[in-house]
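The sequence shown begins at 90 in the numbering used here and counts up one residue at a time. All residues carry an ideal CB built from backbone N, CA and C; glycine is no exception.
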Amino acid sequence: MCWGKRDTKLSLPINSSLSQADLRTHTTSVCSSTFTKNPLWLNGEAQDVSGARQTASFRELKILERNLEDANPSLPKLSEYCVHAVAGATSRLQQDLRPPLLASEP
């Protein structure tokens, strides 16, 4: 975000740019034959996964796993299982990622 210009001709901001190197998320997913849904928790809050983008993300994850299974038939068929996914900012990992993964399915 720019808070103004120190040089409008050169379009230079007042403050130096913020580094985005540490702005990232960490995602963990777990699959189980006992899961019946594909929930997603983001920063500790359950998200609606009924939209096309979210559905496509879970579908793509299963396709990637199925490709691994096809290449190595001895692998368990995890692509047939539902997935619980948890994502959050890296600074919030300890508080946000652990509880939902260990929680039973709603």
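>> Quick check on the burial criterion: 16 or more other C-beta atoms within 10 angstroms. Buried or exposed for E149?
In response: exposed
> Just the Cα atoms here: how many angstroms apart are A176 and S139?
Replying inline: 17 Å
> What are the uninterrupted segments assigned as beta strand (DSSP E) that are 3 or more residues long and contained completely in the segment 113-163, given in chain order?
Replying inline: 114-121, 129-131, 134-136
> Under three-state DSSP, which class holds L101?
Replying inline: strand
> Sorted by chain position, which residues of the same chain lie with C-beta nearer than 6 Å to A174's C-beta, five sequence neighbours on each side aside?
Replying inline: S118, L129
> Where does E169 land, buried or exposed, given buried means 16+ other C-beta within 10 angstroms?
Replying inline: exposed
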